[in-house]
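J.:
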Amino acid sequence: MSRPNRGACPNKECKDHGIQGRENVVPHGFFKSKIGKRRRYRCTSCSKTFSSNTGTPYHRIQHSRDAFDHVVQLSVEGVNRSAIARVCGRSWDTVARWIERACRSAANFNDKHTRDFELTELQADEIRTFVQSKKRVRWIFTAMEVSSRLWTSTVVGRRSYRNTRDLISDTTRRARDPESPLITTDGFVFYSRVVREIYGGACVYGQVVKTWRKNGVSTVDRVRVIGSRRQFANALATSEDSEKLNTSFIERQNLTIRQGSAYLCRRSLCHAKSEETLAEHLELQRCYQNFIRPHRSLKFGKITRTPAMQAGLATKALTFREIFFLAMVELLFDFKSRTSDLSNVGNRLRMAA
Ligand SMILES: [Zn+2]
Numbered sequence: 435m436s437r438p439n440r441g442a443c444p445n446k447e448c449k450d451h452g453i454q455g456r457e458n459v460v461p462h463g464f465f466k467s468k469i470g471k472r473r474r475y476r477c478t479s480c481s482k483t484f485s486s487n488t489g490t491p492y493h494r495i496q497h498s499r500d501a502f503d504h505v506v507q508l509s510v511e512g513v514n515r516s517a518i519a520r521v522c523g524r525s526w527d528t529v530a531r532w533i534e535r536a537c538r539s540a541a542n543f544n545d546k547h548t549r550d551f552e553l554t555e556l557q558a559d560e561i562r563t564f565v566q567s568k569k570r571v572r573w574i575f576t577a578m579e580v581s582s583r584l585w586t587s588t589v590v591g592r593r594s595y596r597n598t599r600d601l602i603s604d605t606t607r608r609a610r611d612p613e614s615p616l617i618t619t620d621g622f623v624f625y626s627r628v629v630r631e632i633y634g635g636a637c638v639y640g641q642v643v644k645t646w647r648k649n650g651v652s653t654v655d656r657v658r659v660i661g662s663r664r665q666f667a668n669a670l671a672t673s674e675d676s677e678k679l680n681t682s683f684i685e686r687q688n689l690t691i692r693q694g695s696a697y698l699c700r701r702s703l704c705h706a707k708s709e710e711t712l713a714e715h716l717e718l719q720r721c722y723q724n725f726i727r728p729h730r731s732l733k734f735g736k737i738t739r740t741p742a743m744q745a746g747l748a749t750k751a752l753t754f755r756e757i758f759f760l761a762m763v764e765l766l767f768d769f770k771s772r773t774s775d776l777s778n779v780g781n782r783l784r785m786a787a
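Heads up: take any position in the sequence shown, counting from 1, add 434, and you land on my numbering.
(1) Check the C-beta distance from Ala-761 over to Phe-725 and give it rounded, since I have them as a contact under 8 Å.
(2) I need the DSSP call for Ile-691, collapsed to helix, strand or coil.
(3) Do you know how far the Cα of Asn-458 is from the Cα of Lys-449?
(4) Roughly how many whole angstroms lie between the Cα atoms of Ser-774 and His-715?
(5) With respect to 7 Å, is the separation between the Cβ of Lys-446 and the closest non-hydrogen atom of ligand 1 below this value?
(6) Beta carbon of His-504: closer than 7 Å to some heavy atom of ligand 1?
(7) Output needed for Gln-665: all residues of its chain with C-beta closer than 7 Å, excluding positions within five of it in sequence on either side, in chain order.
(8) In chain order, which continuous runs of the alpha helix (DSSP H) of length 4 or greater are located wholly inside the segment 492-563?
(9) Taking only three categories from DSSP, how would you classify His-729?
(10) With distances taken between CB atoms, is the gap from Thr-586 to Thr-605 smaller than 8 Å?
(11) For the candidate residues Asp-545, Lys-733, Thr-740 and Leu-718, whose alpha-carbon lies nearest to that of Arg-727?
(12) Judging by CA-CA distance, which residue of Val-659, Lys-466, Gly-650 and Ser-479 is the nearest neighbour of Val-623?
(13) When you compare the segment 640-654 with the segment 614-631, are there three or more beta-carbon pairs, one atom per stretch, that lie closer than 8 Å?
(14) For Ala-787, I'd like the list of residues in its chain whose CB is within less than 8 Å of its CB, leaving aside the five on either flank, ordered along the chain.
(15) Going by DSSP in three states, Leu-584 sits in which element: helix, strand or coil?
(16) Consult DSSP for Glu-709 and reduce its assignment to one of helix, strand or coil.
(17) What does a CB cutoff of less than 7 Å around Ala-541 pick up in its chain, not counting 5 residues either side in sequence?
(18) Confirm the yes/no value for this check: CB of Asn-724, any heavy atom of ligand 1, distance under 7 Å.
(19) Report the option in Glu-579, Leu-712, Glu-555 and Ser-594 whose CA atom is closest to the CA atom of Ala-671.
(20) Could you give the first and the last residue of the continuous alpha helix (DSSP H) run that contains Ser-626?
(21) Compute every distance between the C-beta of Ser-479 and the non-hydrogen atoms of ligand 1, then say whether any falls below 7 Å.
(22) Quick check on Glu-677: does DSSP put it in helix, strand or coil?
(23) For the beta strand (DSSP E) that contains Leu-616, what are its first and last residues?
(24) Taking C-alpha atoms, which residue in Leu-584, Asp-611, Thr-563 and Ser-603 lies nearest to Arg-592?
(25) Helix, strand or coil: which one does DSSP assign to Pro-444?
(26) So Tyr-475 and Pro-491 are supposed to be a Cβ contact under 8 Å. How far apart are they, rounded?
(27) Could you tell me how far apart the beta carbons of Ala-745 and Leu-601 are, in whole angstroms, since I believe they sit closer than 8 Å?
(28) Going by the CB atoms, is the gap between Leu-553 and Glu-579 shorter than 8 Å?
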């Protein structure tokens, strides 16, 4: 863990790039950083030198990795960048740059590892927010696999047919041959068209339509869209989580998302300046919620699992440190043979085929 980059050359031009376990990487003295002496490595095949942070978000940060992780952690707990800068005694620019790097690394990690899960019950919903000004309303589409609580996909943008389709098709594509899952959404107009297009009759799909009055929900209608009464009864009987058709799991999750992002707080001054910033930060949050933070409803005896553990994507709760290194190792790993051995960091995750 302390020297995860030791085994492979990060230089993309090098003939031994990304190959672990060869003797081409050797210690090559030390260099000074603000936090002290650090080891440098050299690749004997291409003569390039690098440090253990090369290729990770920690590259040339001039501060400890702990300091970096702390900033990232605060940002997924809903603290805004100005507050982080004040609390941690860093400049606003540094904080913004670190978070941006962390977001990119997390997005890469999510893409690689959120796949091959079992899809038995899917719930989808949208969060309303805005970027720049209150007039530019944007929607965050989220999808969740209910039995594992895995947050499978996110799309940010207008409340359009295309975004609805992207959400459902991304989740479906990542799942392991979904077999007639139970799908529940709200009554938003494009869902039924999209679900029909993607699944045809190979799912059970229902909508929970809530009518809002001034002081809360006045009526809840449960509508069967695809599937017979009997298929619904079967699907709900096999579900460990739902007795009735509901969207409460995704709604609960969307509340967590709102609380974990300074961009999404209501009546906040820190709304996102662009759709991209918002989408990137959601990837960081997704990484945190799926792989790092144990989920309270997944408590089994003494162990509380993360959604990724429950979905069989990881064998333990990961840390940001592991994820940032792993995202890097995998970047290298992808370049050459898939059979090459990952360092002990990589072996902690069950590799998606
Ligand atoms: Zn090299």
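Just so you know, even glycine gets a beta-carbon here, dropped at the ideal spot from N, CA and C.
T.: Reading from the atomic positions:
(1) About 11 Å separates the two Cβ atoms, so there is no contact after all.
(2) In the structure shown, Ile-691 sits in a helix (DSSP, three-state: H, G or I).
(3) Spanning the alpha carbons of Lys-449 and Asn-458 requires a straight line of approximately 10 Å.
(4) Unreliable positioning characterises Ser-774 in this predicted model, as indicated by a pLDDT of 34, which lies under 50. A coordinate reading is not provided.
(5) Every heavy atom of ligand 1 is 7 Å or more from the Cβ of Lys-446, so no.
(6) Result no, Cβ not under 7 Å from ligand 1.
(7) By the criterion of a C-beta distance shorter than 7 Å, Gln-665 is surrounded in its chain by Val-638, once the five residues flanking it on both sides are discounted.
(8) If we require 4 residues or more, the alpha helix (DSSP H) runs fully inside the segment 492-563 come out as 499-510, 515-522 and 526-547.
(9) Coil at His-729, not helix or strand.
(10) Using a Cβ distance threshold of 8 Å, Thr-586 and Thr-605 count as a contacting pair.
(11) Distance from the Cα of Arg-727 is smallest, within the candidate group Asp-545, Lys-733, Thr-740 and Leu-718, for Thr-740.
(12) When each option's Cα is compared against that of Val-623, the closest is Val-659.
(13) Here the segment 640-654 lies against the segment 614-631, with 3 or more beta-carbon pairs under 8 Å apart.
(14) Caution is warranted here: a pLDDT of 25 is assigned to Ala-787, below 50, making its placement in the model unreliable, and no coordinate value can be reported.
(15) Leu-584 sits in a strand when the DSSP states are folded into three classes.
(16) Under the three-state reduction of DSSP, Glu-709 is assigned to helix.
(17) So the qualifying residues of the chain are Glu-714 and Glu-717.
(18) Using a cutoff of 7 Å, the CB of Asn-724 does not count as near ligand 1, since none of the ligand's heavy atoms is closer than that.
(19) Among Glu-579, Leu-712, Glu-555 and Ser-594, the Cα nearest to that of Ala-671 is on Glu-555.
(20) Element bounds for Ser-626: 624-633.
(21) Answer for Ser-479: yes, Cβ within range of ligand 1.
(22) DSSP, read as helix, strand or coil, puts Glu-677 in coil.
(23) From DSSP, the beta strand (DSSP E) with Leu-616 extends over 616-619.
(24) Among Leu-584, Asp-611, Thr-563 and Ser-603, the Cα nearest to that of Arg-592 is on Thr-563.
(25) In the structure shown, the three-state DSSP call for Pro-444 is coil.
(26) Incorrect: roughly 19 Å between the Cβ atoms, too far for contact.
(27) Actually they do not touch by this definition, with Cβ atoms about 18 Å apart.
(28) The Cβ atoms of Glu-579 and Leu-553 sit closer than 8 Å to each other.
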